[in-house]
Amino acid sequence: MKIKDLKINGVTFLAPLAGITNLPFRQMVKDCGCAVVCSEMISAKGIFYNAEKTITLLKSQEDERPLSVQIFGSDPMAMGEAAAFINDLGTADIIDINFGCSVRKVIKQGAGVALMKNPALARKILKAVRDATPLPFTIKIRSGWDPSGDQAVTLAKIAEDQGVNAIAFHPRTAVQGFRGKADWQLIARLKQAVRIPVIGNGDIITPQDAGDMLSRTGCDAVMVGRAAMANPFILSQIEQYVVHGSFNLPEPRDIFRKMESLTQGYVSYFGEITACRMLRGRLAWFIRGFPGAAAFRKELSTLASSAHVIEMIRDFEAGLKA
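At the far end of the sequence shown sits residue 539, using my numbering, and the numbering has no gaps.
The following block contains the structure:
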């Protein structure tokens, strides 16, 4: 699969997740076999006004590439300027626009999925970004505001006409959020409507789900979000399953080493105090289903240092072996 002239070595994309897909998380997922990782959703206006917190979200490392950087906004000028800034920064391999976020505060700005009701403005934004950068250019969309998927097809055709090189499609409506089921039939419909690659997204919980989506819809790749939070190994498992029809399960020791590396990455990126606060929630994802998980989560709420975290992980691992 190619996105413009960028060859993608695999079929897995990490979905952008606000507050989750930061640099250390992306590095971990990349190490687990993900073909393309994506930044958190980043405000174009924040980049335009050089807001420190926003610019920090653009930090990257060579070992996570290829990297897709996702921006959102409703002002064509700011979106174009943000794309030019990212282009000149030199760390992104793909620029992506969010047309799918259904969070209320984003919709109130006229951004995210709100733009699917305003194709004229969407076209201006697409043109501004395409004019600003020669980088591979993608968009992420939903079904729109009604379940028919008509708005998705309309926007996809506009996007293709404006030089977008691939589309990630989550076939749920704006109102659904993450509720209900993703309508994979709409992915198949969108794939037939455009000539550029389509990346399917929604309800991929297992490697078999990914295989089913690829075969049933004809999409070119799959995008995984929430499932990767608890099981980053799902990315390599999907790649294995697509090629071989089977996949390996991680050993407990592999899971614990990932917990340790994520801890170290968070401390390096966020600093000790912030990292420890964030890790209370993050590490709990990894141990679901293990005996003693509830006690581990309870102790996480009291952790005060990264050394304490590492000690907890190793004690938990030793307890399983006993």
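Every residue, glycine too, gets a C-beta built ideally from N, C-alpha and C.
Since the model is a prediction, treat every value here as computed from it, not as a measurement.
Inset, instruction - Give the C-beta separation of Ala373 and Leu343 to the nearest angstrom, bearing in mind that I take them to be a contact with Cβ-Cβ under 8 Å. - result: About 11 Å; that fails the 8 Å criterion.
Legend entry - Separation of Ala492 from Lys408, as counted between CA atoms: 41 Å
Legend entry - Completely contained beta strand (DSSP E) runs for the segment 355-403, where each covers 3 or more residues: 383-390
Legend entry - N-terminal and C-terminal residue of the beta strand (DSSP E) that Gly417 is part of: 415-418
Inset, instruction - Assess, as a yes-or-no matter, whether the segment 332-346 is touched by the segment 284-295 under the definition of 3 or more beta carbon pairs within less than 8 Å. - result: yes
Inset, instruction - Could you pull out every unbroken beta strand (DSSP E) segment of at least 3 residues lying fully inside the segment 234-303, listed in chain order? - result: 254-260, 284-289
Inset, instruction - Could you check the C-alpha separation between Cys251 and Arg494 for me, to the nearest Å? - result: 27 Å
Legend entry - Bridge partners - Asn315, DSSP secondary structure assignment: Lys357
Legend entry - Distance between Leu537 and Phe473 (C-alpha atoms, nearest Å): 11 Å
Legend entry - Nearest residue (CA-CA) to Lys221, options Thr355, Glu516, Phe302: Thr355
Inset, instruction - Can you tell me which of the three DSSP states Lys221 falls into? - result: coil
Legend entry - Rounded straight-line distance, which links the Cα of Gln393 to that of Gln454: 28 Å
Inset, instruction - Out of Gly366, Phe230, Lys219, point me to the one whose CA is closest to Glu456's CA. - result: Phe230
Inset, instruction - Taking the CB atoms as reference points, tell me whether Ala295 and Leu352 lie closer together than 8 Å. - result: no
Legend entry - Where the alpha helix (DSSP H) containing Val228 begins and where it ends: Careful: Val228 lies outside any alpha helix (DSSP H) and carries neither H nor E.
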